[in-house]
Structure formats: structure tokens, C-alpha cells
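Input: a single structure, listed below in C-alpha cells.
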Amino acid sequence: MKKTFTSFCMVLLLCTLLPAFKAAAAMPPPSGYFNMISRSVWELTQVPNITTETARIKTSLQVADFEPVGLRATANTPLVINVEQLSGAGLPKLIMGTYDRQTVATYDLVAGVNTITNANGGDLYLQYSSATPSDNNKVRVTFQSGYHTMPLYILGTSTHQDWLDMLAADTLSPNATLVSDRTFIVVSQVKAEQYKNENQDTLLTLMDRIMKAEGDISGLDNSLPIHAPILRNKLMMLEKASGNPDATSLGRVRIPTGSIHWLLSPSYILEDGGWGMFHEIGHHHQHWAWTWSTCIEVCVNIYSLAAKRAILPGQQGMSTSDWNGIMNYLAQPQAAKNFNASSVSLFMRLGMFQQLWLAYGDSFYHTLHKRVRAEAPAPSGDEQEMRLFMLYASQISGENLAQFFRNWGLNVNQSIYDEINALGLPAPAIEPSTLREDLVATITTPANNAVFPAGSNVPLTATAFGPDAIAKVEFFQGGVKLGEDTTAPYNYTWNNVSPGNYALTAKATTRGGVESTSAVVNITMESVSIISPANNASFPAGVPIAISANTSHAVSKVEFYADSVKIGEATSAPYNFSWQNAAAGTYTLTVKAIGQNGDTAVSTGVGIVSGGQFPQADAYVRDGGSAGSNFGTATGLVVKKDGNAGFSRITYLKFDLNSFSSAGNAILRLYVAGAGSAVTGTQWQVWKNDADNWTETGLTWNNKPANTTQLASQPGRRSGYVEWDISSQVAAEIGGDKILSLAIVSSVSGQTNDATFHSKEVTEADLRPVLLIDALPQISLVQPVNNDTLPEHGATLIQANASDDRQVDSVQLYINGEEKARFTQAPYQWSWANLAPGTYGIRAKVTDSALHSAWSDSLTVVVVKDTLAPVITVPPAITANPAPGASTVAVNIGQATATDNAGVASLTHDAPAVFPVGNTIVTWTATDLSGNVSTATQVITVEYLKSAFDAVTVYAGSDFNNRQIDLQAQLYLNGALIGTGELLNQSISGPGLGNCKQFIIPITGDSVTYTPADVLQLKVSARNTGGETFRIKFWYNADTDDQITKGTARLAKYTPVNPDGNFFYLRNAFALQSASGSEALQQSLYVTPAYQEIGTWSTIAQSATAADIPAISKTAGTSGVKTTLLQVKAYPNPSSHEFTLTVESSTAKEIQVRVLDISGRLVKLMYTNPGQVLRFGQDLQAGIYFIDVLQANRREVLKVIKQ
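So the sequence shown is numbered by our numbering: it starts at 394 and just counts up by one.
This is how it looks when you write it as C-alpha cells:
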């Protein structure tokens, strides 16, 4: 599987370590596996192929199984090669073209002459390898024609002059090649020419020594065949156009042109440290069984360190700065450590593997590699790969390394630690995690330049680490030994120290006698000093600041100063002062002691901030050769972006916000100490760091936290304060872990855009970095109590307490989101009266003078409701009749009364202004002051007066005198028969109008309710009684007054309803007249023994055309004018669901269908056409309905019942 690795910045790690190098003698050729007989003749012995060799040494990346011959094929020219089998079997392959630099083609060669033509040509390589190689398999390859020589330097064969001559003679070949016993190098001839004056023997010998050193640490000691050194195959190292240096497949190490001195200049290895080459070659020795994914670029440096020890003996493998960072990491709380976290730098992680080497030497890694080759374990996944390494490490060391791995933060499953413990191994004699390559002693307390009151005790603490066990740590003041400690932690207390300045050191001694003395820590014992607050203390704005001073002798008074301005004094011990209402900002506090004789002494200043925070830690980091260095104690913080390695700087600050509960505005302020001339052309960006576990004395470029979110930006300036508004992020951190980590980055690259800010280490407080925080105002509700129950109609006091670090501007009280009161000064209280029942949410809002607002928590109160409803007495039911011609009537319904124990707020009803025909339910509603509601109903009935009908009057005559007839009258209301009457055995006279006879036919029927919308129809029929047929005439005259002359014009009625008087007037819609019109309106027919319709009269107002008269029915054979009727059917009837309505008519006019309830109110209006089916009634309530069907002037009325 192909894997590619990048070297990142590691090439610069050792650039400051430049010892002299003593050249070693060139190693002899291994055994002649690839021998040049002449420039065109090569004798080859078979070597392992890539797969076989990789499987043996248990690496993923390989060494090559082909070598260059120093020739190049000419494009489009036959290349003639002769192959001879000298012994054994197997034939070689030809590779034409250099990987990564030319197009590559591979050809299988045959015994005898081979002719190859390639359009591209290219450098030539021979590959003679097998999965089962044999030293008996040998061939001779002779290049006969079609080629050119190219520069080829072979260690032990070529001379420096040969190389110069080849480069001068061949200016056409694109590449040049150098070959050692273990490697070969292919670079452009341009670069070979550029570096031609380097010592090629030294260069190639160094490459072989790197290969040997990394093979040695891998346990390739020839103790068994599987542990044989890599001598038959070589590593290919070549120039590539661009990108990062890397190691990849086919046994290649690729170095970009920009770093080509790695391959061509011995000074890169001897003077610049050679780390890049050590690293990339290391990938080809790296075992994968115990290299988990986050450790690929870490474990490879086990081989880099081995090469460095071999090539640059005496040099420290990892720098002191690296070890300082490692020890700071290990000193963290266990929960904060995670070996595989991206925030833990590669070189910091390398410390774990180097500590194992310090504890157990080369043999530890020899055994580890040999055991992997012998046992061939195949763990799957990171956890299993870590398990393999941890178990093997414990077994190889013979000691229980569980605590060592825990110290490093290898957070694997507990079962793996259980396995280690189950091995039953003893704990290490020296805990490996305490080892480092250099011996370093450090005083950790007190801090440099610390100030103590004279006469007090000073506790001293130191750490000591080295490559061996620490025997003791001694503490000195100047050259005077104060005391010592032989066990960590190393402590000593210096008691009753006199006034003065002192220089403290600590000296560590290993059990082997090696010594190292710490850096000097200076302290001052003052005769007068501030004992509180501490330096860099912070206070919310407006909070009283308590200041306490101490003197070493009696004084007359002590004066207190802020920025040289006197703020108070104390005349007797204890010397205390409370500074009230300090404005927001930074201050340097001092105290002056005035003695009895007038002598004065001034304390060292103590920096404080009111309404803000000094950084808990600040430091800058620098790349390049200083990438492992810490600058945390510097008095300056530097920012710069530079395209040249080693000159970029980033500043980091960390703030502890635990003393703040909220933030309105938050301003980061730094003071410019100095800046380059081009600084105004850049932007200073403030970034948030998610990782905030860095320390001021442990932060380096290599372990710096990642910048995750840009918060603000300001243009660069050369002097004064710079401020960034980071309010949102500060508020978020106060609501989170309360630790804010920031980075300040310059955005534009340039050599003179650098800037230095003062750090927290400067004496003057107003120059230190500071985070000024205007906190949000605070407010709380103190009355009423949450979930309190209050009586209805009562009152309660709502009271709030509010405060601010500056000034409260206003307080507002809200109930259920509605503002009820506003105050600009205390007390903040309001009386809430006439409480209404319900549940209420109460909140208070405070706004300070900076217009920052905050809300109190919401509290809930419940006002208990009166649940007793009023009692209503309604007027009695009323029946009313509409006026003639009207369908509604106004009714005085009277006045209801209501009574309630809490008082009636309202008494209303829902009566309409006028009442329609039918029953109307009037609902009276009473509401009391508590909102309780009761209802009562009153029935209002509106109905038409009942009508009964008198006799019908008709006039008739006959062609014959003294004939006998029966007359029948039938009265229909809306198509329903409501009354009948007969006049039997009546004699009629002559046919003329002058001698006709009056007939009065009585009607028997119940009284009915008749409305103007109803259709009243009268049907008159006649039959003879003597058994003979004769013709009779009937006359109709539309009288307009009360006098009856001839014909039927009206029906008498008992109750006047419509239009007036005591009659129903029948309309003259049925025209009884002859064609000539000479007589009055009449109808003639032959009387038969069966009743025949004479005519039908109707109250429907319509034109007097016979064709439009709606007949009730006609008997077949009836003579006279025959009309066409509306044929209306509704079914099923009754129905519990819906009705189907069909209407047949001889005309195509649109049909209107009205549905009326029993009170005559319209409940549905529909339209249809003749012949169509209409379905309706699904939404009708149960009851009786009338279906009024109207087409032009024709009407039919049906009654239907909804169940």
C-alpha cells in the first residue's frame, strides 16, 4: 500500500546544533550485486523484489529493487541491448525513465539481443529481482547502441574530477546520478552543476551512514536472516519539482528543488543538523504494527534520533526548549493530558519514545523491532496498535510501564492497563517520565522579582530533571547555601529574612555526580510593602478595594497612593485602607511609610485593575530556530508575520473570568511599546483559541494552540493603546468554562511590520495588557414570593433589588409581558391593586448608564378566582304575530334580573332586533365581577294567524236546461290538499251569461297558517249525474272589489292575513275566454260521469297565459286548455342522510330551488337545470323543510322530512 509522508517544519529543529564532523572512511561495496564492468556493460546478481524485502523487514514503505546504469535512451531511436545468462536462471527488466521526472516504461528483456524504441527515451535502470532471489542467478547486460552516457558518480569508483568532467562533457542529459552502497541519488543536471564543488564521497558516505544507523536501531544486526541489514537493495532519493519532502512507494525519498541542498550538500547534515533527511529516510525503516495513526510523524523520529547520534555524536537529540515543553506537559493534571490530541505537538509526543531510550538504551528498540519481525503481529486499529506497543515495551524493559503511559496521557481502554499489570512486573527503579537528556534545575517559587515584607518567611521550591536519578537539590543565596532536599518535590523555607535584595539559585546533582545550577531568581524584602491586594489583582467596578500594608518597624503613619495620587492614610497598625468607588481602569498602588523622625520608605508598586482583568498568562512564540523556545517571562509581547522562517511571531493571552458573572462590553487593551515602520499597513487580528491549557512558561511555537475563530481586527499603529471589542466572546466564556485564550496575529507579511506590546510583567499597571469588562447590571425580585397565592380583588407589593458596577439608570416591572411601572431611583416597588383571577408571570428589567440591560428571573403568582356564578330570572315566553305582509316582528321581550354575591358586572342578551317566524331562543348572560358567567333562556314564538276558508262561488250554464251536475272544489297549499267540498245534484240552466246559475261550494278543512310566500291553489271540477253527456260553460270574472258579479274572484276567510279584508283574492292567471273574446272569461267542457277539471286558480302573481299556469292535476280526457307542469320529485322522503331532487320541464330555463325551514326561513339556495339531479340535505338538522321550486313563473312546493 502506498503511503506518503511530509516533513513539515522538522528540518529546522536542529539548525542551531552545529558540531564539527570527522569524516569516516568509505564503507566497502556490499558484495557486487550490481557491478559496472564498463560504462555500457553491467553484471547483475539477483536481489529480493520490493514485496519480498518489505515483508521481511515489516515496513510499509520499501527500498528499490532496481538501479541506474548512467545511460539514457535517445527518443525514437532503437536501443540495442544484449543479455547473457552467466549462471542460474531469471532475466532482468529494463526501466526507461526516472520516476517523478520522466515518463516511465518497463520492458522484459530476453536472452540475446533486445531492440527497444521509445518515443520519449529517458534515463535507464536495470531491475533484476525475484520473490525467491539466489546469488547463483547472474546476468551480463551490454548496451550496444541507441544510448548516450549521462553523469554517473559511483562511491569508491569515481573521483571528484571524474564528476566535474562528466558534468562538463554532458550538457544535454536532463539528470545526473550519484550511487553509494545503500542509496542512489537522481537530480537535475542544473542542480548537480550548482553543487558540483561539494565533496561527493562525503555526501554519499553520510547517506550510507544514515541508512546504517537507522537499520541498526531497527535491530538489523544479521543475527538471523530476517534481521539481515538492507544491503542488496538501495534507497532511491530524487529531486521533485515542488511540494513538501516526502517518503513514498517504490523505495523513493523525494526532495523538492527548493530543498535540494538536502541531497547535494554534506553541510546540510553536518552543519544544519540534517533532520529532514534523517526523518524521510526514517519512514523507510518505520514499523507499522505499533505505529498508530496519530503517531506516524512521531515514531519515525526514533530513527531520526538514532541517525543524529551516529552522525553528530555529542549533540543533544532534543533541545532544552523541547524538553521544557515536554516537562510542562507532563506536569499537567492527569485529566488534562491526551497524548494523541492535535494540540500536543509532534516533538512533545516524541519525548515519550526518547524517554524510553534514555531509560533502556538502544537495546530497547533493537528488541522491539526484532520481536515484531519474528512474531509478525497484525493489530487492527489505533487502540490495538497502542496495546501492542505498551505490552511489548513493558515486557522488553522488564518493568511495569503502566504509570509511565498514564503520565503521558495514553487514554486507552482500562483493559489494556489491566493486561500490563497482569504481567507481574516491578515498577521502574527510575520513573522514565522524569528523565530528560539535559540536567535542568528550576526554582518554581518564589517568582523572579517577588517582593516580601521584611522579617517574613520565604518558601523555596525547585524542580530537577535529567538523564539520571537526582541525588539532591541545594538552595543558595548568592554563594551561601541555605539548605537542601533529597526527594521531590524539592522544598526549603528561609525564615525571618531581613530587609534587602537577594539572588537565589538551586543546584541539582545526579547520583552520577553531574551538576546543574538554575537561573537566578531575585527577591526583595521590603521595610514597607503592600500585603494585599496581590499584584495583577482584579475587581469589579464600584467594589471597595481593601488595601493592607506592612512595615518592618514602627512608623507614624502609612499613606496609600494610586498612580502617585494619594487616596488615603492610616496612622496606626494594622495599616489598612478601603478605597471606595474606584473608577474602572488600571492602577499602580504604592504605600509610603513615614517614620518617627520623618524618614520615608516607599513600597514596590502593585498593579490592579478595576472593572476588568489582567491576563492570567501572556507570552509570544517564534518560529524557525526558536520554535521550541519559550518567551513567557519577557516584558514584551511581539507580533509579526514574515515570509522568512524564524521571524514570525504570535502573541497569546489567557484570562480567568471566574470573578465575573456577566459582561456587557468587553474591551481588550494593549499598549504598544515599539513598532516597525511598515506596521500601519497590517491588521492586528484577535483570534480565539479553543485549547486553553497552555502555560506561560511552557508555550512554544511547536505546541501553540490552534486559532479557531477571528473575533476582531484593528489596523497596526506605532504607539499608544490598541483596543479590540470582544464582548460577545467574553460573554460566551463567562457562560462556559470562564477561561478565555486569545491570540494576536499580524495579517500582512513584511520585515518591518513587527510590533511589541508591553506584557503583564512590566511594572506600570497602566501599560499591562488588560481586559476591561463593563458587567451587566444585576436585578432580582424580592416580593412577592414565587408561586404565591393571592386573593382576588386584593393588592400586593412588587419589589425589586437592582445594582450595577457603574450606575442603575432605570428599572421596569412587567406582568405577563406588559410594562406596569418604571423607576429611575430606589426603592423599586409598585402596588398592584384590584387583582383579577389568573396566573401571572412577573419580571423586572434593569438598564444601566451604559444602556446595558438585564432581566430578573420570572416568578409566578396565582390570584384565586370567585367560582360562584350569578343567578338569572328571565321574563316568561312570548308569542307574537307579524303584521300583514311581514315575515318578522319586533317583540318587547322584557327585562331579566340577575343577582350575585360579588356583584353583577353585566347582564346581556342575544335577542335580534326583530324576530322571524318560528321559535327563537333568547339567551340571557350574566357576568359577575370575578368573571363567573351564568346563562338562562327565553323562548319567543312568532307565527302567522290560522286561516279557515269559506265557500267557493262559481257560475255555470248548459246547452240544455234542467241538467244535473255535481261540483267539487279542492284547496291546495304548497301543493298539499288542505280542504275539499262538494255540491251535489245541482241543476243548471241555459248556456248564456245572462241566464247562468250561481253555485256556492262549501270547503271543509282545518285552519292553516298561510304566509305570503305560500302558494294557494283552488281546483274546481264537475261531473254529470244523469248519465248523459252535455256541454256546460263556466264563467270567471276578476272582481277588484267586494261585489261578486259573475265568476269566482275570491275566497272568503275567517282571519284576515293578506293582503287585506276578509278574502283571499285569486289571480286571473287562468284565462277563461273564447278565441274571439266576445264573452267574459269562460271555460266550456263536456260533462261526463267522472269529475273533470274546470280550472285551477292560484295566488301566484304571473302573466295570464294559459301555458304558464301550474295545474294541480288533470284527469285524462279533460277538455279545454291543457297546461304543461313542472314535474318535481324528491326522494327518499323522509331521509336520514340526503335528498335527491329531479325536475322535469318542457322549457330549458334555469330553475331556482329554495329550502325553507318550518318557520319559513331560507336555509339553502341552489340552482339547477331541467333533467339534472340535485343532491342536498347532508348538513340539514332533523326537522320539516319545504322545497320551493321556481322556473320563471312556474312553481312547485314539496314538503320533506329530515330524520
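Positions of the beta carbon are idealized from the N, C-alpha and C atoms, including for glycine.
Residues of the same chain with a CB within less than 6 Å of the CB of proline 1305, apart from the 5 flanking positions on each side, do not exist. Excluding sequence positions up to five before and after valine 765, its CB lies within less than 6 Å of the CB of Lys451, His680, Ala682, all in the same chain and listed in chain order. DSSP places asparagine 1562 in no alpha helix (DSSP H); its state is neither H nor E. If you compare the alpha carbons of Arg904, Val1079, Ser849, Ser642 with that of glutamine 1103, the shortest gap goes to Val1079.
Per DSSP, the unbroken beta strand (DSSP E) holding tyrosine 885 starts and ends at 883-887.
Put simply, the segment 833-853 does not touch the segment 804-813. Fewer than three CB pairs are less than 8 Å apart.
Check the Cα spacing between glutamine 708 and each of Leu663, Asn1058, Cys692: the tightest is with Leu663.
Secondary structure at methionine 543: coil, using DSSP grouped into helix, strand and coil. With respect to the C-alpha of arginine 1110, the residue from Leu1135, Thr1316, Ala815, Ser1139 having the closest C-alpha is Ser1139. Just measuring C-alpha positions, the residue of His676, His654, Asp1085, Val873 sitting nearest glycine 667 is His654. Distance from the CA atom of leucine 739 to the CA atom of cysteine 688, rounded to whole angstroms, is 8 Å. Counting only residues of its own chain and dropping the five nearest sequence neighbours on each side, serine 911 has a CB closer than 6 Å to the CB of Ala834, Thr835, Ile836, Thr898, Ala899. Lysine 730 carries a coil assignment under DSSP once its states are collapsed to helix, strand and coil. The beta carbon of aspartate 528 sits closer than 7 Å to the beta carbons of Thr438 from its chain, once the five residues preceding and following it are set aside; these are given in chain order.
Closest by C-alpha distance to alanine 1020, out of Ala1226, Thr1346, Val913, Thr713, is Thr713.
Counting of Cβ neighbours within 10 angstroms places asparagine 800 among the buried residues, the total reaching 16 or more. DSSP links arginine 647 through a beta bridge to Leu631, Asp639. Glutamine 725 sits close to asparagine 1086, with the two beta carbons spaced by under 8 Å. Of the candidates Glu632, Ile923, Tyr661, Leu657, the residue whose Cα lies closest to the Cα of threonine 650 is Glu632. Between the alpha carbons of aspartate 558 and glutamate 768 lies a distance of about 51 Å. Setting aside the 5 residues that flank it on each side, threonine 1373 is surrounded in the same chain by Gln1361, Ala1362, Gln1363, Leu1364, Ile1396, Thr1397, Gly1398, each with a C-beta closer than 8 Å to its C-beta; the list follows chain order. Under the DSSP definition of a beta bridge, leucine 853 partners with Tyr885. Taking 8 Å as the cut-off, the beta carbon of phenylalanine 459 is found closer than this to the beta carbon of glutamine 520. The beta-bridge partner set that DSSP reports for serine 551 is empty.
Closest in alpha carbon position to arginine 494, among Arg647, Val1310, Ala1575, is Arg647. Annotation: the continuous beta strand (DSSP E) that includes phenylalanine 868 extends over 863-870. Taking all protein chains in view, the Cβ of threonine 979 is crowded by 16 or more other Cβ atoms within 10 Å, so the residue is classified as buried.
According to DSSP, residue pairing for tryptophan 1248 in a beta bridge involves Lys1238. Bridge partners of tryptophan 1223 according to DSSP: Ile1191. For the pair of segments examined, the segment 1539-1559 was found not to touch the segment 1524-1531: the number of CB pairs separated by less than 8 Å stays below three. By alpha-carbon distance to proline 461, the top candidate from Ser453, Asn442, Trp435 is Trp435. Rounded to the nearest angstrom, the gap between the Cα atoms of proline 1008 and alanine 927 is 14 Å.
In terms of Cβ geometry, tyrosine 753 and serine 790 form a close pair [threshold 8 Å]. The Cβ atoms of asparagine 568 and serine 551 do not sit closer than 8 Å to each other. Put simply, the segment 1117-1130 touches the segment 1056-1071. At least three CB pairs are less than 8 Å apart.
Just so you know, the alpha carbons of leucine 816 and serine 826 end up roughly 21 Å apart.
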